[in-house]
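Working notes, beginning with the structure itself.
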Amino acid sequence: AEGSTRREIPKGPLFYLVACPNYTFEVLSWVGFSIFTQIPLAYAFTLVGFYQMAVWAKQKDRGYKKTYEKEYTKLRRKAIVPFIY
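If you count the sequence shown from 1, you need to add 1000 to reach my numbering.
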């Protein structure tokens, strides 16, 4: 509502699936880079990056659940990987 300090639950095409679509697409970009370059260190970087972003996404997801409670929980979003995690 106008004048309210409460933030709305993020909405958008990818927000219907995950709490942090920016992390989802960053990981997908690194996966693509790794496949394209075929450099073992790129795969390692992608895995470490995925792990770190998954931690951040899970924290954000928990924050949304704490802030919005049932309103957010009923959306059944995952943190970073649609339908899985």
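C-beta: ideal position from N, C-alpha, C; glycine also.
By alpha-carbon distance to R1006, the top candidate from K1074, Y1068, R1076, P1082 is Y1068. Within the same chain, A1019, A1079 come within 6 Å of D1061 by CB-CB distance, once the 5 residues on both sides are set aside.
With a beta-carbon spacing of about 5 Å, Y1023 and A1057 fall inside the 8 Å limit used to define contacts.
Short of 6 Å from the beta carbon of L1014, and not among the five residues preceding or following it, lie these beta carbons of its own chain, in chain order: P1021. DSSP lists no beta-bridge partner residue for V1031.
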